[in-house]
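Take a look at the structure below.
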Amino acid sequence: MLSKELESALNDQVAMEARASASYLAMASWMEGEGFDGTAQFLYAQSDEERMHMLKLFHYINEVGGFALSPAVLAPSTTFNSYKEVFDKILNQEQQVTAAINRLMDLATKEADHTTANFLQWYVSEQREEEAQFNTIINKLKIIGNDGSGLYLIDRDLAGMAAAAAKASSKGFSAE
Ligand code: OFO
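Going by this note's numbering, the sequence shown opens with residue 5, and the numbers climb by one from there.
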């Protein structure tokens with residue numbers, strides 16, 4: 005049985021994942037408007053993933069006897085100064101999610117709620133992968149600076165990553 009404190013903390017995490025999904029959606033739209041179609045596809049897929057993260061938590065809360073709450077989501081930023089600024093914000097956002105997941109894991113461990121700790125382990129691994137992925141992209145962006153042909157190539161790479169993720173999920177594998 006879920007404690008009230010953990011239930012409330014998990015519902016906070018539901019809201020955080022919903023905010024992340026909305027934020028990726030806004031970033032995808034900005035990229036599309038700037039002509040970076042591959043990056044937009046990649047960010048649309050990220051937005052879908054965050055919604056999946058939210059739903060996974062949502063269903064878990066109800067499954068273990070809590071009450072999942074559909075969150076209010078504040079409008080995210082919709083305009084950005086540069087391509088790189090978007091990815092800096094993404095990394096910062098993901099680092100905040102990682103910190104929140106770690107706090108949740110600490111609470112579950114303190115309460116000896118092994119079921120919830122086991123459930124959260126998936127998020128711990130997911131965050132490690134996401135942070136590594138965005139660090140790699142940012143390192144490439146540091147190398148190319150504002151060079152247009154470099155950004156063109158990154159946009160093409162991200163289109164490829166979005167297509168590979170879509171193909172994997174259509175085969176029934178998780179694309180996260
Ligand atoms: Fe990458 O944020 Fe969800 O967990």
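Backbone N, C-alpha and C define an ideal beta-carbon position, used for all residues, glycine too. Every value quoted in this text rests on a predicted model; they were computed, and no experiment measured them.
- [ ] Note the first and the last residue of the continuous alpha helix (DSSP H) segment covering ASP92.
- [x] Residue numbering aside, residue 92 sits at position 88 when the sequence shown is read from its first letter. The continuous alpha helix (DSSP H) containing ASP92 extends over residues 87-114.
Task: Residue nearest to MET58 in terms of C-alpha spacing, selected from GLY69, ALA44, VAL77 - done: Locating residue 58 in the sequence shown gives position 54, where the first residue counts as 1. Closest option to MET58, Cα to Cα, is VAL77.
- [ ] Go ahead and label MET226 buried or exposed: buried means 16 or more other beta carbons lie within 10 angstroms of its beta carbon, across all protein chains shown.
- [x] Here the chain comprises residues numbered 5 to 180, so residue 226 is not present and cannot be evaluated.
TODO: With PHE40 as the anchor, note down where its alpha helix (DSSP H) starts and where it stops.
DONE: Stepping through the sequence shown from its first residue, residue 40 is reached at position 36. That residue, PHE40, is in no alpha helix (DSSP H); it is neither H nor E in DSSP.
Open item on the list: According to DSSP, simplified to helix, strand and coil, what is ASN139?
Closed with: Against the sequence shown, residue 139 aligns to sequence position 135. Looking at ASN139 - three-state DSSP - the assignment turns out to be helix.
TODO: Please determine if the region 77-90 and the region 22-36 are in contact, where contact requires at least 3 C-beta pairs separated by less than 8 Å.
DONE: Contact between the region 77-90 and the region 22-36 is present: three or more C-beta pairs spanning the two stretches fall below 8 Å.
TODO: Out of ALA13, PHE91, THR120, ASN96, state which residue places its alpha-carbon closest to the alpha-carbon of ALA35.
DONE: Stepping through the sequence shown from its first residue, residue 35 is reached at position 31. The sequence given here places Met at residue 35; Ala does not occur at that position. Of all alpha-carbon atoms in ALA13, PHE91, THR120, ASN96, the one lying nearest the alpha-carbon of MET35 is that of PHE91.
Open item on the list: the ligand OFO and GLN131: does the residue's C-beta get closer than 7 Å to at least one heavy atom of that ligand?
Closed with: Position 127 of the sequence shown, counted from the start, is the residue given in the question as residue 131. The ligand OFO has a heavy atom closer than 7 Å to the beta-carbon of GLN131.
Open item on the list: Once DSSP output is grouped into helix, strand and coil, what is the label at LEU47?
Closed with: Within the sequence shown, residue 47 is the residue found at index 43, counting from 1. Reduced to three states, the DSSP call for LEU47 is helix.
Task: Cβ-based burial, ILE147 [other Cβ within 10 Å; buried from 16] - done: Translated into the one-based positions of the sequence shown, residue 147 becomes position 143. The residue in question, ILE147, is exposed, as its Cβ has fewer than 16 Cβ neighbours within 10 Å.
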